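Residue numbers (the numbering used here), protein chains in the order written: chain A, 248 to 746; chain B, 41 to 415.
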């Protein structure tokens, strides 16, 4: 939260509609995303009750567990879901190309596109993670055998859920988070977790203000919860009698069938409003122009997808229940580096995100008031082209002299703050530029910001940061429990209760 | 009855006070600065009914599936004289618990009256505490008593207290799962604060019979289902921090007088029921009465307080209804209209708003610059 975003929320209150907090889209939206809306049975540990899943608005498959406490029915649900989800994922494994890897002309294989799972909210992403956990260790043979697709589903869902921890990854997206990254509503972040209310603020129906639409969206009768938790009143008044009817023994097949159809219809009615909202949310996001660095991050997602596809193809084991100490430390280090790079990339792509940093003094913007494009620094052994420019900024300037800064408009050129003069609300900043101007001692045309040009500079960098060094698994120090035992899938994992 | 109690009775009106349970007491700690909530809770007002009456019913329903699962899990852990629980305490927590007996305090020889059950609980705990060795008894459903706002409240916890090495321990049984050693943080936090209420009440009871605070451990045992199965697992939790918060908030309710002093004398939430119990008072008049007691609304209230929708509607146009972080980022300026006025230069900042105004003007300028005429 920054003052720029907070102010947008205040504006949303007075204008009665959500306000943009970005000028570009920071997420990749797939051409054919797979939407999943899921419901669980209250009180149980991630017991699926129903789901609607599909890769087009008109092809939502309804999956229902007639008796959610029945283990066989749970696995039947998992198998049905597996065929849809795994089928969808594998459809992206047909086309691959070679891309450059590293600087020495090496190449690696990358699928040309990757799957994207779209869920309503972070809680459903949590459902995906736990469903992955409860299915990935199963086996298709032996006692407690399950459909061969079930453990594959578990591994993919776990892979997707783990990727959500990577800042900027778009393989699994929660709609509320994706929308809240681009719009500020006139309500709180807690209330933004309600997809229908959030959409009400962003895209209110004709004749309603965002506030009215959001208020209407809080009525669970017209807008059932987006899951995975159900509305308790629905549970007590509708669901419980229908489930009881489905599990009544000794009755005619006709009546049994009617009971099952009634249950399916009731659950379809709970899921459909959210299903439609999801596709509207996707359309809204698609309508935004993509940021310049979105495609690059999607390439990393494709790499991760390719890598895990190969791991599965080569018969790799399922993800362990918990990371070992070394794996966890290395993963955390990688997430931190990605976080810094993602923050910088968003600021580079989007002046409105950069504005947050301008307000806190980590960036500044203004107009070029003076330029010496052909200045040469002759103090060293070699003469170097080091143009000077002066930028007049009205931003609160808090960057120290000598600090290196970069302009999002010219990421290949570095600048150093030489001096600052003037008053706080109108500072003149002199910058010395290096790089990105050609090889000659005179700058290539247009490579030095000209007088009158609007430009901004920031201390954020998206440059490569070396990864931390960590010991091998086998050298895990005793402070961290010593070398961990090698993970061998056990029969306990395979036969674990799911009740 | 003293003056404060009489005053609270008048505020509540002609209905019996709503009784507290560990959950409602735990909720007291979630927004300690709210005078409205403190007065209503001290007076024993039925907030759910009041909120519905003025047109803002809260939605805190519980699914029968969740209740059923909770009860089933609890009875499983307690079956056969708590066999399963003892196994956990001995094997998982490595507690050296000797042979034990099991005392169910649900009733006393068939008598279920609260004072009788409380007296029995007291007597049994006193005997256990004064015996030299570990008495080795599990107490199920002990009936505890706590003073809330000067009024005794009976707490009927779904718990077992047992004594080990001279101190009592509280066991809390919850049906949310612990998966690969991790549970939902919010649910654990709620369980911890509820356990703290029990520890506090148990300490109160022992203090009454002359036994010191140390006799109740500030470490509680949390029992939950493990992974996706029904098999229970146990963990020890430290509740010291929650105890401090709870004590402070309960002490505040005891000083409710100070809050009452600033309220108009005739204040009441009475619904003026007729002979048949049908309320006759105009909802608008009741809403006005509620408005006389100052609330401190924050979006977090939506998760815990029955008055939340009323207070939210009342806080419309105030920055705090957008979240405390938003309120802070806006320089702690209270009104949205003033924020916007300061941002576009239409409003003249007061001395204490000067810094906030500068920040807001800069933010507004940056938004205009980036969005052009759109914003």
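For glycine and all other residues, C-beta sits at the position ideal for the given N, C-alpha and C. Remember, predicted model here, so these are calculated numbers, not experimental data.
DSSP-derived helix/strand/coil call for residue i
i: residue 279 of chain B; result: coil
i: residue 631 of chain A; result: strand
i: residue 135 of chain B; result: coil
i: residue 272 of chain A; result: strand
i: residue 411 of chain B; result: helix
i: residue 120 of chain B; result: helix
i: residue 318 of chain B; result: coil
i: residue 289 of chain A; result: coil
i: residue 209 of chain B; result: strand
i: residue 141 of chain B; result: strand
i: residue 304 of chain B; result: coil
Inter-residue spacing [alpha-carbon to alpha-carbon] between residue i and residue j
i: residue 401 of chain B; j: residue 391 of chain B; result: 16 Å
i: residue 707 of chain A; j: residue 660 of chain A; result: 14 Å
i: residue 580 of chain A; j: residue 568 of chain A; result: 20 Å
i: residue 443 of chain A; j: residue 463 of chain A; result: 9 Å
i: residue 319 of chain A; j: residue 291 of chain A; result: 16 Å
i: residue 143 of chain B; j: residue 123 of chain B; result: 13 Å
i: residue 82 of chain B; j: residue 296 of chain B; result: 8 Å
i: residue 347 of chain A; j: residue 303 of chain A; result: 34 Å
i: residue 204 of chain B; j: residue 119 of chain B; result: 21 Å
i: residue 322 of chain A; j: residue 257 of chain B; result: 44 Å
i: residue 135 of chain B; j: residue 224 of chain B; result: 26 Å
i: residue 511 of chain A; j: residue 525 of chain A; result: 20 Å
i: residue 538 of chain A; j: residue 429 of chain A; result: 12 Å
i: residue 676 of chain A; j: residue 383 of chain B; result: 26 Å
i: residue 316 of chain B; j: residue 283 of chain B; result: 44 Å
i: residue 473 of chain A; j: residue 445 of chain A; result: 12 Å
i: residue 499 of chain A; j: residue 316 of chain A; result: 23 Å
i: residue 574 of chain A; j: residue 730 of chain A; result: 11 Å
6 Å CB neighbourhood of residue i in its chain, flanking five on each side removed
i: residue 321 of chain B; result: 311 and 312
i: residue 274 of chain A; result: 417 and 425
i: residue 215 of chain B; result: 109, 110 and 113
i: residue 309 of chain A; result: 299 and 515
i: residue 685 of chain A; result: 691
i: residue 726 of chain A; result: none
i: residue 275 of chain B; result: 262
i: residue 282 of chain A; result: 365 and 525
Contact list for residue i against chain A, beta-carbon separation under 7 Å
i: residue 403 of chain B; result: 250, 251, 254 and 606
i: residue 71 of chain B; result: Within chain A, no residue comes near residue 71 of chain B; the closest Cβ sits about 14 Å away, beyond 7 Å.
Residues that residue i bridges to, as DSSP identifies them
i: residue 612 of chain A; result: A:703
i: residue 669 of chain A; result: A:674
i: residue 494 of chain A; result: Answer by DSSP bridge pairing: none, since residue 494 of chain A is not bridged.
i: residue 474 of chain A; result: Looking at the DSSP assignment, residue 474 of chain A forms no beta bridge with any residue, so it has no partner.
i: residue 457 of chain A; result: According to DSSP, residue 457 of chain A bridges with nothing at all.
i: residue 219 of chain B; result: B:222
i: residue 570 of chain A; result: Note: residue 570 of chain A sits in no beta bridge, so no partner.
i: residue 273 of chain B; result: B:264
i: residue 301 of chain A; result: A:282
Chain C contact for residue i (CB, 8 Å cutoff)
i: residue 215 of chain B; result: Absent from the structure is chain C; the protein chains it does hold are A and B.
Contact set between residue i and chain B, taken where Cβ atoms lie within less than 8 Å
i: residue 437 of chain A; result: 339, 340, 342, 343 and 363
i: residue 483 of chain A; result: 101, 103 and 104
i: residue 569 of chain A; result: 220 and 221
i: residue 260 of chain A; result: 357, 362 and 376
Interface partners of residue i on chain B, CB under 9 Å
i: residue 293 of chain A; result: 217, 219 and 268
i: residue 643 of chain A; result: 398, 399 and 402
i: residue 454 of chain A; result: Here the premise fails: no neighbours, minimum Cβ distance about 20 Å.
Cut-off 8 Å between Cβ atoms - residues of its own chain near residue i, not counting five sequence neighbours on either side
i: residue 582 of chain A; result: 412, 413 and 414
i: residue 415 of chain B; result: Because residue 415 of chain B carries a pLDDT of 39, less than 50, the predicted location of this residue cannot be relied on, and the following value inherits that uncertainty. Same-chain partners within the cutoff: 407 and 408.
i: residue 586 of chain A; result: 414
i: residue 399 of chain A; result: 329, 333 and 559
Residue i: contacting residues in chain B (beta-carbon distance under 7 Å)
i: residue 598 of chain A; result: 410
Chain A residues whose Cβ lies nearer than 9 Å to that of residue i
i: residue 110 of chain B; result: 290
i: residue 383 of chain B; result: 254, 257 and 258
i: residue 89 of chain B; result: Per Cβ cutoff of 9 Å: no residues; residue 89 of chain B is ~17 Å from chain A at best.
8 Å Cβ cut-off: residues of chain A touching residue i
i: residue 354 of chain B; result: Ordered by position in chain A, no residue passes the 8 Å Cβ test against residue 354 of chain B, which lies about 14 Å from the chain.
i: residue 379 of chain B; result: 254 and 257
Cut-off 7 Å between Cβ atoms - residues of its own chain near residue i, not counting five sequence neighbours on either side
i: residue 244 of chain B; result: 186
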